[in-house]
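Report on one structure; see the data block that follows.
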Amino acid sequence: GEDVEQSLFLSVREGDSSVINCTYTDSSSTYLYWYKQEPGAGLQLLTYIFSNMDMKQDQRLTVLLNKKDKHLSLRIADTQTGDSAIYFCAERNTDKLIFGTGTRLQVFP
Amino acid sequence: GAVVSQHPSWVICKSGTSVKIECRSLDFQATTMFWYRQFPKQSLMLMATSNEGSKATYEQGVEKDKFLINHASLTLSTLTVTSAHPEDSSFYICSAIHKRSYGYTFGSGTRLTVV
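Chain order of the listed sequences is A and B. If you're matching positions, the first sequence starts at 572 in this note's numbering and goes up one per residue. If you're matching positions, the second sequence starts at 26 in this note's numbering and goes up one per residue.
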């Protein structure tokens with residue numbers, strides 16, 4: 572199947588770290604992505620990781636990939652109120668992107 | 026670079042009319058574009074893959090006669106919702122593969138409301 576699952580909601584205090592998790596089912600995925608969507612807007616690419624990598628860091632963002640367990644995570648360091656949004660993981664299958672169910676991140680002061 | 030422009034941002038139409046949504050790649054050529062549909066508080070559902078100069082490939086369950094896709098040039102794909110009904114009300118988003126970034130660039134989306 573092509574189900575990509577995420578927890579629905581995450582609430583964190585400003586300044587703390589956020590960890591958003593994602594599980595996927597297609598082991599042949601070549602790239603895995605994290606996107607951010609703000610209300611009423613399109614998707615903003617945050618970062619991606621190639622399937623032969625375990626970790627990728629980009630400023631406040633750290634992506635961990637456990638290919639054996641088909642588990643992907645996004646860690647946001649020093650979370651800010653501007654990070655409040657919905658976060659989608661996505662796996663690339665040939666040229667198609669299959670999106671996760673989305674995690675709503677709420678950051679409170 | 027890698028900008029995708031989608032128009033209109035929102036549209037309200039009457040039942041039975043048709044609505045056209047445009048998706049343009051502004052600074053790159055997009056041989057392949059994708060159309061997604063998103064219901065409130067839900068994920069993006071891939072509707073179809075639009076290929077320049079050929080017929081679109083529709084996902085299972087998507088009515089190709091209802092959602093007409095045309096990709097006549099390397100920078101423009103259009104989605105026409107024909108004979109729209111209230112259940113077609115949704116947020117429609119296009120995207121294009123931009124190989125330089127290994128990613129997909131998304132349009133800003135179109136909110137369609139059918140009354």
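Here a beta-carbon is modelled for each residue, glycine too, at the ideal position from N, C-alpha and C. Nothing here was measured: the structure is a model prediction, and the numbers come from that model.
Minimum Cβ-Cβ distance from residue i to chain B less than 7 Å
i, result
"Leu-645/A", "no"
"Gly-572/A", "The predicted model places Gly-572/A with a pLDDT of 43, which falls under 50 and marks its position as unreliable; any figure quoted below should be read in that light. Not an interface residue."
"Ile-591/A", "no"
Environment of residue i [buried if 16+ CB atoms lie within 10 Å]
i, result
"Gln-608/A", "buried"
"Trp-60/B", "buried"
"Gly-572/A", "Note on Gly-572/A: pLDDT 43, under 50, position unreliable in the model; the coordinate value appears next. Classification for Gly-572/A: exposed."
"Ser-605/A", "The question names Ser, but residue 605/A in the sequence shown is Trp. Trp-605/A comes out buried."
"Ser-598/A", "exposed"
"Thr-665/A", "exposed"
"Ala-648/A", "exposed"
"Thr-130/B", "buried"
"His-110/B", "exposed"
"His-32/B", "exposed"
Candidates the options, of which the one nearest residue i by Cα
i, options, result
"Gln-677/A", "Ser-582/A, Ile-620/A, Ser-578/A", "Ser-582/A"
"Ser-120/B", "Ser-108/B, Ser-43/B, Met-70/B, Leu-137/B", "Met-70/B"
"Cys-593/A", "Arg-631/A, Leu-616/A, Lys-638/A", "Lys-638/A"
"Val-29/B", "Phe-53/B, Trp-35/B, Lys-80/B, Lys-45/B", "Phe-53/B"
"Pro-680/A", "Thr-665/A, Tyr-595/A, Thr-650/A, Leu-614/A", "Thr-650/A"
"Glu-112/B", "Ser-50/B, Arg-136/B, Glu-84/B", "Arg-136/B"
"Asp-654/A", "Ser-578/A, Val-575/A, Asp-574/A, Ser-589/A", "Ser-589/A"
"Ser-75/B", "Thr-138/B, Val-36/B, Asp-90/B, Thr-56/B", "Thr-56/B"
"Ala-81/B", "Met-58/B, Phe-64/B, Leu-51/B, Arg-62/B", "Met-58/B"
Residue i at chain A interface by Cβ criterion, 7 Å
i, result
"Phe-131/B", "yes"
"Ser-68/B", "yes"
"Ile-46/B", "no"
"Gly-86/B", "no"
"Ile-118/B", "yes"
"Gly-78/B", "no"
"Gly-41/B", "no"
Heavy atom of the ligand GDP within 6 Å of residue i beta-carbon
i, result
"Tyr-606/A", "The model depicted lacks the ligand GDP and carries no ligand whatsoever."
Rounded distance between the beta-carbons of residue j and residue i, thought under 8 Å
i, j, result
"Lys-641/A", "Thr-672/A", "In fact, because the Cβ distance is near 15 Å, the residues do not count as touching under 8 Å."
"Ser-43/B", "Ser-108/B", "7 Å"
My parser needs the alpha helix (DSSP H) runs of 4 or more residues fully inside the stretch 45 to 79 of chain B; what are they? none
Can you list the beta strand (DSSP E) stretches of 3 or more residues lying completely in the stretch 90 to 127 of chain B, in chain order? 92 to 98, 101 to 106, 115 to 123
3-residue-minimum beta strand (DSSP E) runs that sit fully inside the stretch 615 to 661 of chain A, ordered along the chain: 626 to 629, 632 to 637, 642 to 647
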